[in-house]
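Student:
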Amino acid sequence: MSLTLLNAAVAVFIAICFVGLNAAYLVWCERKGAGFYQRRPGPMENGPWGLLQPPIDGVKLMTKQLLIPGGVDKAIFMVAPVLAMFPALISFVTIPFSKNIVAHPINVGVLMIFAFAALGGMSLLVAGWGSRNKYAMISSVRAVSQTVAYEIPMLITTITIVLVSGSLNLSEIAASQLGGFWKWNIWGFQEAVGYNILMPISFLIIFVCAVAETNRAPFDLGEAESELVAGFHTEYSSMGFGLFFMGEYANIVIGACLVTILFLGGWSSPVPLGFFPFTDHVGWFLLKIYMIIFVFIWIRWTFPRTTIYGLLNLSWKYLIPISLFNLLLTAALLKVF
Amino acid sequence: MNKPIELQPDETFVLNVGPQHPATHGVLRVKMTMDGEYIYDAETVLGYIHRMHEKMAENRTYPQYMPNMGRLDYLSAMAFNHGYALVVERACEIEVPERAEYIRVITVELNRISSHLVWLGAFVLDLGGFTPLMYCFDDREQILDLLESVTGSRLTYCYFRFGGIYNDIDDDFIVGTQAFIKRMRKELKMYAKLVTGNVILRRRLEGHGMIDRDMCLRYGATGPVARGSGINYDVRKNEPYSIYPEIDFDVPVYDGCDSMARYLVRMDEIEQSLRIIEQSLEKLPEGEVNPKKKPKIIKPPAGDYYAAVETARGNFGIRLVSDGSKTPYRLKLRSPTYSNMHIFDEACRGMLIADALAFMGSLDLVIPEMDR
Amino acid sequence: MGGYFTDLLTGTKSLIDGMWITLKEFPRKPVTLNYPHESVKMYKRFRGHIELIKNEEGTSNCIVCGMCERACPSSCISLAGKKPEGSKKKVLTSYILDFTTCSLCGSCVESCNFDALQFSNEYNLASTRREDFVFDLLKRLEAQE
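Residue numbers (the numbering used here), protein chains in the order written: chain A, 381 to 717; chain B, 9 to 380; chain C, 55 to 199.
1) What are the boundary residues of the beta strand (DSSP E) that includes Ala50 (chain B)?
2) May I ask you to list, following chain order, the residues of the segment 504-531 of chain A that have a beta carbon less than 7 Å from some beta carbon of chain B?
3) Comparing C-alpha positions only, which one of B:Tyr48, B:Val35, B:Arg37 and B:Val38 sits nearest to Phe21 (chain B)?
4) Which partner residues does Leu43 (chain B) have in the DSSP bridge list?
5) Run down chain E in chain order and give the residues with a C-beta less than 9 Å from the C-beta of Gly137 (chain B).
6) Please classify Gly646 (chain A): does DSSP put it in a helix, a strand, or coil?
7) Against chain C, with Cβ distances strictly below 9 Å, would Pro428 (chain A) count as a contact?
8) Would you mind telling me which residues of chain A sit closer than 8 Å to Glu79 (chain C), beta carbon to beta carbon, in chain order?
9) For Val439 (chain A), count neighbouring C-beta atoms within 10 Å of its own C-beta (all shown protein chains included) and say buried if the count is 16 or more, exposed if not.
10) Cβ atoms of Pro461 (chain A) and Gly622 (chain A): under 9 Å apart, would you say?
11) I'd like to know whether the C-beta of Arg99 (chain C) is nearer than 9 Å to at least one C-beta of chain B.
12) Contact criterion: CB-CB distance below 9 Å. Does Tyr698 (chain A) meet it with respect to chain C?
13) Alpha carbon to alpha carbon, how far is Pro27 (chain B) from Val35 (chain B)?
14) For Asn513 (chain A), is the classification buried or exposed, using 16 other Cβ atoms within 10 angstroms of its Cβ as the cut-off for buried?
15) Compare the C-beta of Pro127 (chain C) with all C-beta atoms of chain B and state if any pair is closer than 9 Å.
16) If the cut is a Cβ gap below 7 Å, which residues of chain A does Phe367 (chain B) touch?
17) For the ligand FMN, is there a heavy atom less than 8 Å away from the beta-carbon of Glu290 (chain B)?
18) I want to know whether the segment 669-678 of chain A touches the segment 627-643 of chain A - three or more CB-CB distances under 8 Å.
19) Using a C-beta to C-beta distance shorter than 7 Å, which residues of chain A count as neighbours of Arg211 (chain B)?
20) For Lys98 (chain C), does the three-state DSSP call read helix, strand or coil?
21) Comparing C-alpha positions only, which one of A:Phe569, A:Val591, A:Phe393 and A:Glu605 sits nearest to Tyr629 (chain A)?
22) Span of the beta strand (DSSP E) holding Phe173 (chain C)?
23) Would you decide whether Val104 (chain B) is buried or exposed? Buried here means 16 or more other CB atoms lie within 10 Å of its CB.
24) If you drop the 5 nearest sequence neighbours on each side, which residues of the same chain put their C-beta closer than 6 Å to that of Lys144 (chain C)?
25) For Ser114 (chain C), name the three-state secondary structure that DSSP assigns.
26) When the Cα of Lys301 (chain B) is compared with those of B:Ser267, B:Ile102, B:Ser347 and B:Ala366, which residue comes out closest?
27) Exposed or buried, which one is Pro701 (chain A) when buried takes at least 16 other CB atoms within 10 Å?
28) So Arg680 (chain A) and Ala604 (chain A) are supposed to be a Cβ contact under 8 Å. How far apart are they, rounded?
29) Quick check on Ala498 (chain A): does DSSP put it in helix, strand or coil?
30) Sort B:Arg79, B:Ala366, B:Phe257 and B:Met378 by Cα distance to Ala31 (chain B) and report the nearest one.
31) Going by C-alpha to C-alpha distance, which of B:Glu290, B:Arg235, B:Ser122 and B:Lys291 sits closest to Ser267 (chain B)?
32) Do the segment 55-63 of chain B and the segment 81-97 of chain B touch if we need at least three Cβ pairs shorter than 8 Å?
33) Which value, in whole angstroms, describes the spacing of the CA atoms of Ala495 (chain A) and Val488 (chain A)?
34) Roughly how many angstroms separate the alpha carbons of Pro299 (chain B) and Ile326 (chain B), rounded to a whole number?
35) Using 9 Å as the limit for Cβ to Cβ distance, is Glu410 (chain A) near chain B?
36) Would Asp49 (chain B) count as contacting chain A if we go by Cβ distances under 9 Å?
Structure, rendered in structure tokens:
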């Protein structure tokens, strides 16, 4: 595919639309899901089943005053929300939705996603630092140590997959798992992963890391509302807050995409029926990511929050050793088989 | 457990938690001197919702003061009304009919359960779990409906009268209460799995928020806070009032001294309250609910009177000094949270802020009762 | 190092237990009411603001004894009456309830020996103006059916 300027523009436009729509309607899904888990119906007033709630919320956020507290570092304060949203948008460029639907396949797509995910941690730091608020400061310090702690097991687990598929290109990783659900990397008992029966555990690790990376409950220490009021976005109002919010949901979608591509076979359909028109269709990809997001929501509305030491303990004591062990095991097994 | 760290007093900053803060459940302000995320020192500031309830008593007749008691602790208003009714009945030597006593115990215990349910929900909310709050409120709703059907109000019941109660309960209430007991037992099992068993919650509570027996005694802590530190003290057993001596129930005591112990005490108390209600409903005698002989105007003879009741948060003592007139000369309220709260200042030193706020939640503070 | 794996297993199991419980709640019907569109029926004993009871003659039983006024802890009731010529009983001329200070304790209804007061079932009172809560109960009595 040759990348002309028009192509790029259209791709970016589609990515923005996809992210924006997702962010808006994931908020609705989250609220609706929370309602169902809590014996109540969730938003009901605006439109049927509250479906008009997200655009109305958007209008509300946009028409509100953007308040800049006195004494803050204005440039840093303003740049933080953009930093939160921007990397999430860019990461979408490289994500393959199906064999043909990908804005720009990059050879090192995995690395690019991780690079931009690290930038997301930076935005939290900048927001906390620039807000001139003690709660925001504490929260941003927490968020950064959390990001660092969880990027390590996530990367190690990803390297395991890279070893298995022999490529850093997300399209190729997904394509290597085509041909039925038993070919997906989540299953250990297949030749492609060297009969490594620890693969499901790897999947769990990367799933937990994805939850932690996106700052979601039970790892939402950055915005622990009962401790730090609203964490790093305490001082943000209007679209500043809106961008943080959208960024968070965009990150969730990226996390879900990554887990799907690495472990659940991307757009691969569970049963390879060659004659069936929807075999290996983009619909399967979307279905998978929304299932994962459903689990994200489910987890959020079930568990209490961990503390910062609980979170770091989990990462350094459990996730990192296990993922390292799994990496070595996979490498050895791949050599054997 | 975490090792205590050396805190640097010269590298601290002051974090002002409250009076408007999601974790303080009201207008409590805590000035925390922090070293990073560790608390070096904390100072609680009270008085943001002080309404001079004690002074108001001196300007009102005895029956007129009854509604005020529900405004102290809005979560267990019934028990506070009970305390006030008790002290005036002792002063005027009014006999309470047996049926009224039983109904009082049933409603007070129902109210205790509803208070513990709010605590459970709010506590887990403090820890970041939102959903149990909604389940707790759903269960509490059943209690409020029951109490509303007999008292006419959902929060500030004002159901007790000197010598009796406002009006009798009906069969619907009894049937409804029995159904509720059944439902609550089932829900308790659910909470045990969803909340008590949860590893995240246990990690946050076990071994955190330690207050030893000695500290409880020094500060005069009562209720679940003291019982979580191994002090077997419950006004219902130690200074029995009403019909509690005739009822078979246990006082849950845990030796853990940590937040988990206090949590478990409250969860067990819900079960014990269910037992009390069950027995009271079985034994409920027929008869009048208000005494036949009752002075028209309440004028206790001059003297000094005291009564204490066990509210959901501990010992509520009420001292009445009467000069023989229509209004009290002095009414001193000893409310449980006020004493329980002050443990916080000392105990939270060296804690992480997240643990300290979980600890504060486990004390079950109701600010209007503290400030009065 | 002891209990490293048992910790991991029991911990994971407790998390799965919790998730199973919330999942079971997911398809259940909500227990809430869609408030402005539906509303609860109040119980017979519900203590709303007070109102005068209409007797068979279409007037109030009140004889202006002032018991309710004296019983009120927040002194939010003020009433007045006069004796019409040739009559022994006083007749109510005005009964003002200042609902802004009322604490809904019900002392007034209890103190009334003439069956003249009752609780209203009205509970969703809302207004932006303070004056809307100063009720003239006599006027409300006339408006009653």
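Where a beta carbon is used, it is the ideal one built from N, C-alpha and C, also for glycine.
Tutor: On the basis of the supplied data:
1) Start at 1 with the first residue of the second sequence, and residue 50 (chain B) comes out as number 42. Counting along the chain, the beta strand (DSSP E) containing Ala50 (chain B) begins and ends at Tyr46 to Val53.
2) Lys514 and Ile518
3) By 1-based counting over the second sequence, the position of residue 21 (chain B) is 13. Phe21 (chain B) has its Cα closest to that of B:Tyr48, out of B:Tyr48, B:Val35, B:Arg37 and B:Val38.
4) Position 35 of the second sequence, counting from 1, holds the residue named residue 43 (chain B). Reading the sequence as shown, one finds Asp at residue 43 (chain B) and not Leu. Note: Asp43 (chain B) sits in a beta bridge opposite B:Tyr46.
5) Absent from the structure: chain E. Protein chains present are A, B and C.
6) The sequence position of residue 646 (chain A) within the first sequence is 266, counting from 1. Residue state, collapsed to three classes: coil.
7) Translated into positions along the first sequence, residue 428 (chain A) becomes position 48. Chain C, which has no Cβ nearer than 9 Å to the Cβ of Pro428 (chain A), makes this no.
8) As a first step, residue 79 (chain C) is located in the third sequence; it is residue number 25 there, counting from the start. Those are Phe416, Tyr417, Gln418 and Arg419, listed as they occur along chain A.
9) Locating residue 439 (chain A) in the first sequence gives position 59, counting from the first residue. It counts as exposed.
10) Taking the first residue of the first sequence as position 1, residue 622 (chain A) is located at position 242. Taking the first residue of the first sequence as position 1, residue 461 (chain A) is located at position 81. Yes, they are a contact pair.
11) Translated into positions along the third sequence, residue 99 (chain C) becomes position 45. Cβ-Cβ to chain B under 9 Å: yes for Arg99 (chain C).
12) Position 318 of the first sequence, counting from 1, holds the residue named residue 698 (chain A). So, interface residue.
13) Stepping through the second sequence from its first residue, residue 27 (chain B) is reached at position 19. Stepping through the second sequence from its first residue, residue 35 (chain B) is reached at position 27. So the alpha carbons of these two residues sit roughly 4 Å apart.
14) Residue numbering aside, residue 513 (chain A) sits at position 133 when the first sequence is read from its first letter. When all chains shown are included, Asn513 (chain A) counts as buried.
15) One-based indexing of the third sequence puts residue 127 (chain C) at position 73. It does: the Cβ of Pro127 (chain C) has a partner Cβ on chain B nearer than 9 Å.
16) Here residue 367 (chain B) corresponds to residue number 359 of the second sequence, with the count starting at 1. Result: empty, since nearest Cβ-Cβ is about 12 Å, beyond 7 Å.
17) This structure lacks the ligand FMN; in fact it carries no ligand of any kind.
18) yes
19) Taking the second sequence and counting its residues from 1, the one referred to as residue 211 (chain B) is at position 203. Within chain A, the residues near Arg211 (chain B) are Gly690.
20) As a first step, residue 98 (chain C) is located in the third sequence; it is residue number 44 there, counting from the start. If DSSP states are grouped into helix, strand and coil, Lys98 (chain C) belongs with coil.
21) Translated into positions along the first sequence, residue 629 (chain A) becomes position 249. It is A:Val591 whose Cα lies nearest to the Cα of Tyr629 (chain A).
22) The residue you call residue 173 (chain C) lines up with position 119 of the third sequence. Counting along the chain, the beta strand (DSSP E) containing Phe173 (chain C) begins and ends at Leu171 to Phe173.
23) For this step, residue 104 (chain B) is matched to residue 96 along the second sequence. So Val104 (chain B) counts as buried.
24) Numbered from 1 along the third sequence, position 90 holds the residue referred to as residue 144 (chain C). Answer for Lys144 (chain C): Ile117, Val118, Gly135 and Lys137, listed in chain order.
25) On the third sequence, position 60 is the one that residue 114 (chain C) refers to. In the structure shown, Ser114 (chain C) sits in a strand (DSSP, three-state: E or B).
26) Reading the second sequence from its first residue, position 293 is the one you call residue 301 (chain B). Lys301 (chain B) has its Cα closest to that of B:Ile102, out of B:Ser267, B:Ile102, B:Ser347 and B:Ala366.
27) Counting from one through the first sequence, the residue named residue 701 (chain A) turns up at place 321. Exposed is the call here.
28) The residue you call residue 680 (chain A) lines up with position 300 of the first sequence. The residue you call residue 604 (chain A) lines up with position 224 of the first sequence. The pair is not a contact, with the Cβ atoms about 13 Å apart (cut-off 8 Å).
29) Residue 498 (chain A) sits at position 118 when you count from the first residue of the first sequence. Note: Ala498 (chain A) maps to helix in three-state DSSP.
30) Against the second sequence, residue 31 (chain B) aligns to sequence position 23. Residue B:Ala366 is the option with its Cα nearest to Ala31 (chain B).
31) Locating residue 267 (chain B) in the second sequence gives position 259, where the first residue counts as 1. Considering only alpha carbons, the answer is B:Arg235.
32) no
33) Along the first sequence, one-based indexing puts residue 495 (chain A) at 115. Along the first sequence, one-based indexing puts residue 488 (chain A) at 108. Spanning the two alpha carbons is a distance of roughly 11 Å.
34) Residue 299 (chain B) sits at position 291 when you count from the first residue of the second sequence. Residue 326 (chain B) sits at position 318 when you count from the first residue of the second sequence. The alpha-carbon atoms of Pro299 (chain B) and Ile326 (chain B) are separated by roughly 23 Å.
35) On the first sequence, residue 410 (chain A) is found 30 positions in, with the first residue counted as 1. No, its Cβ sits nowhere closer than 9 Å to a Cβ of chain B.
36) What you label residue 49 (chain B) is simply residue 41 of the second sequence in a count that begins at 1. For Asp49 (chain B), the answer is no, since every Cβ of chain A falls outside 9 Å of its Cβ.
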